[in-house]
Amino acid sequence: MSTPSARSLGFRADNILLAITFIIFSSMLFAPLTQTATKFLAGQFPVFQIILLRSIGHAFWMLLFFLPKHGTSIFRANRPWLQLARSGLLFLSTMCWIFAISSVPLATASAINFTAPVFVVVLSIPMLGERVGIHRWSAVLLGFIGALIVIGPAWNGLKIEFMLLLAAAVLFALYQILTRIGSKSDSDATASFYTVLVGLAAGIIIGPWNFILPAADDYFVWIAFLAIGVMGGVRHFLVIKAYATAPASVVSPFFYTELVGVTLLGSMVFGDLPSPNTWLGASLIVASGLYIAHRERLASIKRK
84 MSTPSARSLG FRADNILLAI TFIIFSSMLF APLTQTATKF LAGQFPVFQI
134 ILLRSIGHAF WMLLFFLPKH GTSIFRANRP WLQLARSGLL FLSTMCWIFA
184 ISSVPLATAS AINFTAPVFV VVLSIPMLGE RVGIHRWSAV LLGFIGALIV
234 IGPAWNGLKI EFMLLLAAAV LFALYQILTR IGSKSDSDAT ASFYTVLVGL
284 AAGIIIGPWN FILPAADDYF VWIAFLAIGV MGGVRHFLVI KAYATAPASV
334 VSPFFYTELV GVTLLGSMVF GDLPSPNTWL GASLIVASGL YIAHRERLAS
384 IKRK
């Protein structure tokens, strides 16, 4: 039996290529630059100061992208508490990640972060009432084995940091599930605006009380703060454009190119060379995520 291609679902081949280009630029360039800047700042400045400036940059891009087309309707959510819950989960996930990143190599943290699709499968059973077959359970097991391999060698010295990274992945998975639920009642524009709202509010309330002003001539710090806001915002902008241009099942696997960019920048800036265990575990996590994405694509085709 033939299955519908992306083109038959209304997406042109040139649009799909453009969407993949958006994701590769987002994942291999802007995500690694943002994460590298965040790691550089995390050991010197308060977490809420980093979140505040990061959220301001993201909010700027969300408004720049959506406000001209949608107007003030982006501020009106049909299910505001659901949208705020999504935003709160992303804020908590980001906070856990920033607390941990100063002590963990970027490639290791990024690999653990990619266990989120595994947690989405597990949590979709009680939260979405989905049935998970042997194929996806096998992918879940493979992903967990990969995470254990990545974490294993350093567990004794960095227990708290790895627990925070795993918590960040679980929280991000919950965020994705609520995003799926919220997509039925609110537009992408409204959801994108609400995504940064809790982080922005928390940063505004708490950040100024624990704010360290960088020295005027500390150019690397100023550039890093600019990067987490501007480049982080560009990253989210490219992701939104990619999902608006091509099916999620086509573009999602290219998110894993982030591991390449993060590994290169981490080794160049911090001298963090991934261990053989990190490479092996990351490979299993990526394989698990790709297979889960494949099964999601087949399930979505059956539903059409």
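Everything in the sequence shown is counted per my numbering, starting at 84 for the first residue and increasing by one. Just so you know, even glycine gets a beta-carbon here, dropped at the ideal spot from N, CA and C. Everything numeric in this text was worked out from a predicted model, so none of it was measured.
Return the chain-ordered list of same chain residues with a C-beta closer than 7 Å to the C-beta of residue i, the five sequence neighbours on each side being excluded.
i, result
"Asp355", "Pro188, Leu189, Ala190 and Gly349"
"Trp305", "Pro297"
"Ala89", "Low local confidence applies: a pLDDT of 46 at Ala89 is under 50, so the model's placement there is unreliable, and no value is given."
"Ala370", "Leu225"
"Val281", "Leu167, Ser170, Gly171 and Phe174"
"Met178", "Val130 and Ile134"
"Ser110", "Phe337, Phe338, Thr340, Glu341 and Gly344"
"Leu368", "A small fix is needed here, since residue 368 is Ile in this sequence, not Leu. Cβ neighbours of Ile368 beyond the five flanking positions: Ala194, Phe197, Thr198, Gly226, Gly229 and Ala230."
At the level of alpha carbons, what is the spacing between residue i and residue j?
i, j, result
"Lys324", "Ala102", "7 Å"
"Phe197", "Phe338", "9 Å"
"Thr346", "Leu309", "22 Å"
"Gly212", "Pro297", "49 Å"
"Ile184", "Met246", "12 Å"
"Leu257", "Ala250", "11 Å"
"Leu135", "Asn293", "11 Å"
"Ile264", "Ile289", "30 Å"
"Phe108", "Asn98", "15 Å"
"Trp362", "Gly154", "46 Å"
"Leu321", "Pro330", "14 Å"
"Ser91", "Val352", "Confidence is the limiting factor: at Ser91 the pLDDT is only 42, short of 50, which leaves the residue's position unreliable and the question unanswerable from this model."
"Trp220", "Phe148", "38 Å"
"Val223", "Leu206", "11 Å"
"Leu200", "Glu244", "A small fix is needed here, since residue 200 is Pro in this sequence, not Leu. Going by the C-alpha atoms only, they are around 20 Å apart."
"Leu112", "Ser366", "20 Å"
"Gly171", "Phe276", "13 Å"
"Leu342", "Pro336", "12 Å"
"Tyr374", "Tyr302", "43 Å"
"His319", "Arg159", "21 Å"
"Trp144", "Ile287", "18 Å"
"His218", "Ala376", "12 Å"
Start and end of the alpha helix (DSSP H) containing residue i?
i, result
"Glu341", "Glu341 to Val352"
"Gln118", "Ala114 to Ala125"
"Phe294", "Neither: Phe294 is in no alpha helix (DSSP H) and is coded neither H nor E."
"Thr198", "Element bounds for Thr198: n/a, residue is neither H nor E."
"Met246", "Lys242 to Gly265"
"Asp269", "Looking at the DSSP string, Asp269 is not in any alpha helix (DSSP H), and its letter there is neither H nor E."
"Pro151", "Val130 to His153"
"Ile289", "Leu280 to Ile289"
CB-CB under 8 Å to residue i, same chain, minus the five flanking residues each way: which ones, in chain order?
i, result
"Leu231", "Gly364"
"Ile295", "Gln127, Phe128, Pro129 and Gln132"
"Ile311", "Thr117, Ala120, Thr121, Leu124, Ile133, Leu136, Arg137 and Gly140"
"Asn150", "Here residue 150 turns out to be Leu, not Asn, going by the sequence shown. Ile157."
Using the Cβ count rule (16 or more neighbours within 10 Å means buried), how would you classify residue i?
i, result
"Pro357", "buried"
"Pro115", "buried"
"Trp180", "buried"
"Leu124", "buried"
"Met314", "buried"
"Pro87", "With a pLDDT of only 42 at Pro87, under the threshold of 50, the placement of this residue in the model should not be trusted, and no figure is reported."
"Ala327", "exposed"
"Ser85", "Because Ser85 carries a pLDDT of 38, less than 50, the predicted location of this residue cannot be relied on, and the following value inherits that uncertainty. By the 10 Å Cβ count, Ser85 comes out exposed."
"Trp164", "exposed"
"Phe255", "buried"
"Ala299", "exposed"
"Ser266", "exposed"
"Gly372", "buried"
"Leu381", "exposed"
"Ile234", "buried"
Check whether the Cβ of residue i lies closer than 8 Å to any Cβ atom in chain C.
i, result
"Phe105", "Although the question refers to chain C, the structure presented lacks it and comprises just one protein chain."
Between residue i and the rest of its own chain, which residues show a CB-CB distance below 6 Å, the 5 nearest in sequence each way excluded?
i, result
"Asn161", "Ser268 and Asp269"
"Gln259", "Val203"
"Leu283", "Ser138 and Ala142"
"Phe105", "Leu321, Lys324 and Ala325"
Quiz prompt | alpha helix (DSSP H) runs wholly inside the region 306 to 337, at least 4 long, in chain order | solution = 315 to 328 and 331 to 334
Quiz item: For the region 159 to 235, which segments carrying the alpha helix (DSSP H) assignment without a break, of at least 4 residues, lie completely within its bounds, in sequence order?
Solution: 163 to 184, 189 to 196, 199 to 211 and 217 to 234
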